[in-house]
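Engineer: In order, the protein sequence lines correspond to chains B and W.
The first sequence begins at 16 in the working numbering and counts up one residue at a time.
The second sequence begins at 1107 in the working numbering and counts up one residue at a time.
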Amino acid sequence: MIELKGVTRRFGDVVAVDNIDLTIETGEVCVLVGSSGCGKSTTLRMINRLLPRTSGEILVDGEDINKADPEALRLNMGYAIQSTGLFPHWTVARNIGVVPDLLKWPSRKRDERVNELLTLLGLDPATDAHKYPHQLSGGQAQRVGVARALAGDPNILLMDEPFGALDAITRENLQQEMLRIQRQLNKTTVFVTHDIDEALKLATRIAVMDQGRIIQHDTPEAILRRPASAFVENLIGKGDRGLKLLALRTVGDLMERYPQPRRPEPYSNGVNEADSLRVALSVMVWQNSAELPVFSEAGEEIGTVKREQLLQGGA
Amino acid sequence: MRLWLAPAAWIALLCALAALLPVMTPLFSWVEPGTDNLIYTRDSFYFLLQSHIWLVAVSATIGTLVAVSAGIFVTRPAGSDFLPLVSQIASIGQTVPPVAVLALAVPAMGFGEKPTLFALVLYGLLPILRNTLAGLGGINPAVLEAAKGMGMSSAHVLFKVELPLAGRVILAGIRTSVTINIATAAIGSTIGARTLGDPVIAGLVNGNTAYVLQGAILIGLLALATDSLFEATERAWARAFSI
């Protein structure tokens, strides 16, 4: 658990972070969102003490972080940044092995961990491990950056716009991977972004920041339904709020299940159980259909989702 | 291994010529007909070469140690106040010609090897310092941020990240410094140091082109051999760290 109590950071006369209180529960993904210069990165960098705070208290599992040795503190906090910061003179494997090396893991354990992470992030241990950062694409480099952050098996993960510089498709892919990895590992994560869609997708709770203050701290659904101010309302965009709400829930939540899974008819177009309701609506609009079959991960037809249900109960 | 072929060839040629020049009388009688003193004999060429290399090597070692430590110091948080001053000195110092440094060292330290060494160290410092600052300053800040954020100590960041990444630029600075100092050391002969400049000065004073030529050939070869040695080292460094 991470607790920020009355934390303030000044740069000269400028107040970057203004007396904020924030509690991040264990295993939660807290996304700090806001426009550039709102203090979200500053907040993140105070948690691993890359920046000292001007006043206030930051506690990790009840302990004031200023009492800990900064290097030991950081070894237990994975850190991934937008520009990756991979060490250009080291191979991918050595980059990922940095924290295990600092923790003095035996080299076999480290190598196993590196291979495990390469696989987890969709990289090939046989070919990619020996590449140098300049030989990687932007998406691959960012995967390595995330793998490096996870390598020491830290309790806390700090991510500063890790997908900000990627193209839309790669970003979408990596967000999916993040969700998958997070389901497996359940790390307490603080994630900074300026992209509200990314925030809605990844967060268990979102903290909206503006001018160094936290305007609203709540679940994605609550932020969409009850924005606390005009600023938040603007940020989430009034026009497609309904679609964003639909995007938060999966087809599995709303569908009617068959008593027995069926073999799907050949060439039938439907949606996956894990797809969002937004995807289901889009398919309906495109096909002009009032009802869609729903498939399980295994490819069996397990139920249907109806347009009426979607419009009434979806958002 | 092929990397070291060129420097080895230059060094072999240099040693061969230092040994063979004394028996090349016919060649030099063609350059300077009508004299009996065709070969410089006051000291052996080997002795002069050795003394020349020693002067340059000692000054380069001292210069590198001082300049790299100073460069590291002013790029740490503790020394950052001195960074503007030191980088200014590094760039202004380059505009003073080496001969001037040599001339100024004499009244302070007398004649001989000491003032030469002093001038060489002082002048050789500057390119190394400038390149150390450029090399350390040229590292992508995100890499340093990540290194610190991973939990590396400052010493770890310096030795595992900063110096390997800046190494090639620093090495280029040492290369420039040494090449300049090979030439400057020759002028040290005018203030009493024993170097390959001796035959050149003696030749100029006595109007003997053969002497001048013998000194000049060896100085030139020494510079070429050293430069190609650095070239190979820089490549080996780049290969080792893949940059």
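Glycine included, every Cβ here is placed at the ideal spot set by N, Cα and C.
I want to verify the contact list: residues of chain B whose CB lies under 8 Å from the CB of residue 1277 of chain W, in sequence order.
Structural biologist: Ordered by position in chain B, no residue passes the 8 Å Cβ test against residue 1277 of chain W, which lies about 14 Å from the chain.
Engineer: Can you tell me whether DSSP reads residue 193 of chain B as helix, strand or coil?
Structural biologist: helix
Engineer: Please identify, using Cβ separations under 9 Å, the residues of the stretch 91-112 of chain B that lie next to chain W, in order along the chain.
Structural biologist: 91, 92, 93, 94, 95, 96, 97, 98, 99, 100, 101, 102, 103, 104, 105, 106
Engineer: Which same chain residues end up closer than 7 Å to residue 211 of chain B when comparing Cβ atoms and leaving out the 5 residues on each side of it in sequence?
Structural biologist: Result list for residue 211 of chain B: 48, 250, 251, in chain order.
Engineer: Among W/1286, W/1216, W/1285, W/1306, whose alpha-carbon lies nearest the alpha-carbon of residue 1295 of chain W?
Structural biologist: W/1306
Engineer: Compute the beta-carbon to beta-carbon distance between residue 157 of chain B and residue 189 of chain B, rounded to the nearest angstrom, for a pair I have assumed lies under 8 Å.
Structural biologist: 6 Å
Engineer: Keeping to the same chain, check which residues put their C-beta closer than 7 Å to that of residue 1113 of chain W; ignore five residues upstream and five downstream.
Structural biologist: Same-chain partners within the cutoff: 1331, 1334, 1335, 1338.
Engineer: Identify the continuous alpha helix (DSSP H) that holds residue 163 of chain B and give its terminal residues.
Structural biologist: 153-165
Engineer: Give a yes or no on whether 9 Å exceeds the smallest Cβ distance from residue 1183 of chain W to chain B.
Structural biologist: no
Engineer: Span of the alpha helix (DSSP H) holding residue 1120 of chain W?
Structural biologist: Counting along the chain, the unbroken alpha helix (DSSP H) around residue 1120 of chain W starts and ends at 1111-1126.
Engineer: With a cut-off of 8 Å, do at least 3 Cβ pairs link the stretch 309-316 of chain B to the stretch 1119-1136 of chain W?
Structural biologist: no
Engineer: Check the Cβ-Cβ distances between residue 1257 of chain W and every residue of chain B, and say whether any is below 9 Å.
Structural biologist: It does; some Cβ of chain B falls within 9 Å.
Engineer: Going along chain B in order, which residues have a C-beta closer than 7 Å to the C-beta of residue 1340 of chain W?
Structural biologist: Result: empty, since nearest Cβ-Cβ is about 14 Å, beyond 7 Å.
Engineer: When you compare the CB positions of residue 10 of chain B and residue 161 of chain B, do they come within less than 9 Å of one another, or not?
Structural biologist: What the structure shows of chain B is the stretch from 16 to 330, and residue 10 of chain B is not part of that stretch, so it cannot be assessed.
Engineer: Taking 9 Å as the cut-off, decide whether the C-beta atoms of residue 74 of chain B and residue 117 of chain B are in contact.
Structural biologist: no
Engineer: For a test of the three-state rule: what should DSSP assign to residue 317 of chain B, helix, strand or coil?
Structural biologist: Looking at residue 317 of chain B - three-state DSSP - the assignment turns out to be strand.
Engineer: Along the chain, where does the alpha helix (DSSP H) containing residue 342 of chain B start, and where does it finish?
Structural biologist: Residue 342 of chain B cannot be examined here, being either before or after the span of chain B that is shown, 16 to 330.
Engineer: Residues in the stretch 1262-1289 of chain W with C-beta within 7 Å of chain B's C-beta atoms, listed in sequence order?
Structural biologist: Taking 7 Å as the Cβ-Cβ cut-off against chain B, the residues of the stretch 1262-1289 of chain W that qualify are 1267, 1270, 1271.
Engineer: Just mark residue 259 of chain B as buried or exposed, buried being the case when its beta carbon has 16 or more other beta carbons within 10 Å.
Structural biologist: buried
Engineer: Going by DSSP, which residues form a beta bridge with residue 287 of chain B?
Structural biologist: B/310
Engineer: When you compare only the Cα positions, how much space is there between residue 1200 of chain W and residue 1232 of chain W?
Structural biologist: 7 Å
Engineer: Taking a contact to mean a Cβ-Cβ separation below 9 Å, would you say residue 92 of chain B touches residue 196 of chain B in this structure?
Structural biologist: no
Engineer: Of the choices B/282, B/281, B/238, B/131, whose alpha-carbon is the least far from that of residue 263 of chain B?
Structural biologist: B/238
Engineer: Near residue 1299 of chain W, what residues of its chain come up, given a Cβ to Cβ distance below 6 Å and the 5 sequence neighbours on each side ignored?
Structural biologist: The beta carbon of residue 1299 of chain W is closer than 6 Å to those of 1219, 1222 in its chain, skipping five residues each way along the sequence.
Engineer: Which chain W residues sit within Cβ distance under 8 Å of residue 65 of chain B?
Structural biologist: 1251, 1254, 1255
Engineer: For the candidate residues B/236, B/230, B/304, B/291, whose alpha-carbon lies nearest to that of residue 246 of chain B?
Structural biologist: B/230
Engineer: Find out if the Cβ-Cβ distance for the pair residue 113 of chain B, residue 31 of chain B is shorter than 9 Å.
Structural biologist: The Cβ atoms of residue 113 of chain B and residue 31 of chain B do not sit closer than 9 Å to each other.
Engineer: Hey, could you find the ends of the beta strand (DSSP E) residue 273 of chain B is sitting in?
Structural biologist: 271-277
Engineer: Below 8 Å, can you find three or more Cβ-Cβ pairs linking the stretch 1312-1321 of chain W to the stretch 1130-1142 of chain W?
Structural biologist: yes
Engineer: Nearest-angstrom Cα distance between residue 33 of chain B and residue 71 of chain B?
Structural biologist: Using only the alpha carbons, I get a separation of about 10 Å.
Engineer: Rounded to a whole number of angstroms, what is the C-alpha to C-alpha distance between residue 1253 of chain W and residue 42 of chain B?
Structural biologist: 25 Å
Engineer: What residues in its chain sit with their C-beta under 8 Å from that of residue 291 of chain B, if we drop five residues either side in the sequence?
Structural biologist: Short of 8 Å from the beta carbon of residue 291 of chain B, and not among the five residues preceding or following it, lie these beta carbons of its own chain, in chain order: 261, 262, 263, 264, 265, 266.
Engineer: So, does the stretch 123-131 of chain B touch the stretch 1275-1286 of chain W, judging by three or more C-beta pairs under 8 Å?
Structural biologist: In short, these stretches do not touch, since the Cβ pair count stays below three.
Engineer: Quick check: the Cα distance between residue 1236 of chain W and residue 1292 of chain W, rounded to an integer number of angstroms?
Structural biologist: 24 Å
Engineer: For residue 1189 of chain W, I'd like the list of residues in its chain whose CB is within less than 6 Å of its CB, leaving aside the five on either flank, ordered along the chain.
Structural biologist: 1180
Engineer: Report the rounded CA-to-CA distance for residue 58 of chain B versus residue 244 of chain B, giving the unit in angstroms.
Structural biologist: 22 Å
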